[in-house]
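Novice: If you scroll down you'll find the structure; I have some questions about it.
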Amino acid sequence: MPARSPIRIRAVSPTGGGTSYDGRVTELALSSSDPARLATDALVIGITPDGTGARLLGADALPGPVRAALESAIGVLGLKGTVDEVTKIPAGDGVKASLLVLTGLGAVASGKKSEGAPTLENLRRAAGAATRQLAGTTAVALVLPADDAAQTSAVAEGALLGAYTFGDYRGTRAGAVAPVATITLVTPTARTRAAKDAVVRARVLAAAVHGTRNLVNAAPNDLYPQTFADHARASVKGTKVKITVLDDAALREGGYGGLIGVGQGSVRPPRLVKLTYAPARVKKHYALVGKGITFDSGGLSIKPAKSMETMKSDMAGAAAVLNTVLAAAELGLPIKVTGWLALAENMPSGTAQRPSDVITIRGGKTVEVLNTDAEGRLVLADAIVAAGEEKPDAIIDIATLTGAQMIALGNQVSAVMGSDDVRGAVIGAAERSGEQFWPMPLPEELRASMKTPMADLANMGERYGGMLVAGLFLQEFAGSTPWAHLDIAGPSFNEGGPRHYVPKGGTGVGVRTLLSLLEDAAGA
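Every position in the sequence shown, counted from 1, becomes a number in this note's numbering once 4 is added.
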């Protein structure tokens, strides 16, 4: 178990799922037992659309009378079987559980090899919707399609991702509901090594996502560059990850003008955290760079008050990098991974960076700062250069970078741009992990809009296509190293209501894609 965080957020075990308010980790176990005989509070069963109604799917192990009663309830209640449809029914005779829960699996796939099977992402969402809506329940058993390791992994991931709540700042427990304490996944593959390995990975993955959510949800008066670095230092204790932290003096000495410039308006100076996971005899080295603006007021180019309300989440990229590196180490992936957390607080003051300031990024390139609210690209530039100095096989940066991302793709689809091969690898990893990333171009025509007579380039360019301009800016600092940029501005923080396994607030987006990408690279 990692050391307790020095800030007021829960420490999450790398081998667990979510955490309840007394610190217990959500447990998940496999079982091939008769689900009707399981002593559990709730039995979760999947349903799928069937014409104008819905039908049971994956519940063949239940007694005939129980299935018949459920089919009748589906018709009486008019259930459709769509994802996020969760219905609770008092259990009658025939099962030990006190509650039966029907969760929508969505439309099943069609095709010779997958006829009648839900997609893996719909399995994640169905399991997550059920465990999220069963918060406060002690024991839950899932009777969902899990006939192979891939399906078992998807159900386990979704269930653990849905078993999350954040209530660390409540003065009392009134209204605070703990996540499901124990989850039993019923599958005929329960005794196989593949299924057991899938559950181990799901636990590590869910812990990494939850750790990211916790950081994003932390209040900015608790989480600032120094305490973020302290949290990272506490998190790596007892792991195979090494850490180096550069304070503001070291950053000045090292020529990190982006971090110094962005952070100089705050009384809380910037930090650059380097995490290194380097197992012996590996052939690949990937560098992950995360934007860590612990609060973004916009600086002197100040944001409207409403736009600042969620700006504690502007460090979601750095949180994702920290927890991805920890997960890679916990899983023992045969690949070297360095993580770079570019941490600063962007505040207005008498010492703040001004529009028209010229700063020097590490490596020597100069930037005219035209808008102090385009600060994320400045701290990322420093970290990308530092990452590139170690000659990794690829650099992947992840950041809540532009409002233009939300205009282009909304708040549930992230963007990826960069070198064709790395961009393609990210898209493939995202598709397999269940996250939505869309490939975007880097039009050379937009590069000219960042020209300035005062410096090598400006931190702003053409307004239209602003997400692409930001990508072109970062490309300048990646050099010849294969590179991809992930813009998660919208998907990193859910301002609306919770959905399937995604809670309100920090979502942890990017962790699953980055971990899958590292696994792909390690196996290549």
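Every residue gets a Cβ at the ideal spot worked out from N, C-alpha and C, and that includes glycine.
CB-CB under 8 Å to V325, same chain, minus the five flanking residues each way: which ones, in chain order?
Specialist: Answer for V325: L279, L292, V293, G294, G343, W344, L345, I402, L518, listed in chain order.
Novice: Does the pairing of the stretch 254–268 with the stretch 355–364 give three or more beta-carbon distances under 8 Å?
Specialist: Contact between the stretch 254–268 and the stretch 355–364 is present, because at least three Cβ pairs lie under 8 Å.
Novice: Here's the rule: buried if 16 or more other CB atoms are within 10 angstroms of the residue's CB, otherwise exposed. What is K116?
Specialist: With a pLDDT of 47 at K116, under the threshold of 50, the modelled position of that residue is not reliable, and the figure given next carries that caveat. Answer is exposed; the Cβ neighbour count stays below 16.
Novice: Would you mind reading off the limits of the beta strand (DSSP E) that contains L476?
Specialist: It is not in any beta strand (DSSP E) - L476 instead sits in the alpha helix (DSSP H) that spans 470–482.
Novice: Does the beta carbon of L124 sit closer than 8 Å to a beta carbon anywhere in chain B?
Specialist: Protein chains in the displayed structure number just one, and chain B is not present.
Novice: Is D88 near A133, with beta carbons less than 8 Å apart?
Specialist: yes
Novice: Rounding to the nearest angstrom, what Cα-Cα distance links A238 and T328 in this structure?
Specialist: 16 Å
Novice: Do you know how far the Cα of G512 is from the Cα of G27?
Specialist: Its pLDDT being 42, under 50, G27 is placed unreliably in this model, and the coordinates cannot settle the point.
Novice: Can you tell which of L472, M458, V506, E31 has the C-alpha that lies nearest to the C-alpha of D491?
Specialist: Of the candidates L472, M458, V506, E31, the one whose C-alpha sits nearest the C-alpha of D491 is L472.
Novice: Report the residue ranges of all beta strand (DSSP E) runs contained in full by the stretch 264–351; include only those spanning at least 3 residues, in chain order.
Specialist: 275–281, 289–300, 340–350
Novice: Is the Cβ-Cβ distance between T52 and G85 less than 8 Å?
Specialist: The Cβ atoms of T52 and G85 lie closer than 8 Å to each other.
Novice: Measuring alpha carbon to alpha carbon, tell me which of A333, N463, Y168, L330 ends up nearest P183.
Specialist: Y168
Novice: Just reading off the beta strand (DSSP E) that K200 is part of, what are its end residues?
Specialist: Segment 197–221 is the alpha helix (DSSP H) holding K200; no beta strand (DSSP E) there.
Novice: Pick from E449, I339, L165: whose alpha carbon is nearest that of D524?
Specialist: I339
Novice: So is E313 buried or exposed if we call it buried at 16+ other beta carbons inside 10 Å?
Specialist: exposed
Novice: Can you say whether T248 is buried or exposed, counting buried as having 16 or more other CB atoms within 10 angstroms of its CB?
Specialist: exposed
Novice: Between which two residues does the beta strand (DSSP E) holding P94 run?
Specialist: For P94, the enclosing beta strand (DSSP E) covers residues 90–94.
Novice: Between the Cα of Y1 and those of G414, K244, R41, G258, spot the shortest distance and give me the residue it belongs to.
Specialist: Residue 1 lies beyond the range of the chain shown here (5 to 528); nothing can be said about it.
Novice: Report the option in P229, A153, L61, A130 whose CA atom is closest to the CA atom of A202.
Specialist: The candidate whose alpha carbon is nearest that of A202 is A153.
Novice: For the alpha helix (DSSP H) containing I388, name the first residue and the last one.
Specialist: 380–392
Novice: The beta strand (DSSP E) with A58 in it runs from where to where?
Specialist: 57–61
Novice: I297: which of N218, G501, L347 sits nearest, CA to CA?
Specialist: Nearest in C-alpha terms to I297, of all of N218, G501, L347, is L347.
Novice: What does the alpha-carbon distance come out to for the pair A198 and T156?
Specialist: 9 Å
Novice: Give me, in chain order, the residues of the same chain whose beta-carbon lies closer than 7 Å to that of L337; leave out the 5 immediate sequence neighbours on both sides.
Specialist: L522, E523, A526, listed in sequence order.
Novice: In the DSSP assignment, find the alpha helix (DSSP H) that holds V506 and state where it starts and stops.
Specialist: Neither: V506 is in no alpha helix (DSSP H) and is coded neither H nor E.
Novice: Can you give me the start and stop residues for the alpha helix (DSSP H) that I411 sits inside?
Specialist: 407–413
Novice: Using three-state DSSP, classify T52 as helix, strand or coil.
Specialist: Of the three classes helix, strand and coil, the one that applies to T52 here is strand, per DSSP.
Novice: Would R366 and A390 be called neighbours here (beta carbons separated by less than 8 Å)?
Specialist: yes
Novice: Go through its chain and collect everything with a Cβ distance to V506's Cβ below 7 Å, but skip five positions before and after it.
Specialist: N498
Novice: Alpha carbon to alpha carbon, how far is L127 from L47?
Specialist: 16 Å
Novice: For N350, count the other beta carbons within 10 Å of its own beta carbon; 16 or more makes it buried, fewer makes it exposed. Which is it?
Specialist: buried
Novice: In the DSSP assignment, the alpha helix (DSSP H) including I78 goes from what residue to what residue?
Specialist: 68–81
Novice: What does the alpha-carbon distance come out to for the pair T107 and G50?
Specialist: 5 Å
Novice: Measuring CB to CB, does A194 end up less than 8 Å from E161?
Specialist: no
Novice: Can you give the Cα-Cα distance for S311 and P229, rounded to whole angstroms?
Specialist: 21 Å
Novice: According to DSSP, is T231 part of a helix, a strand, or is it coil?
Specialist: helix
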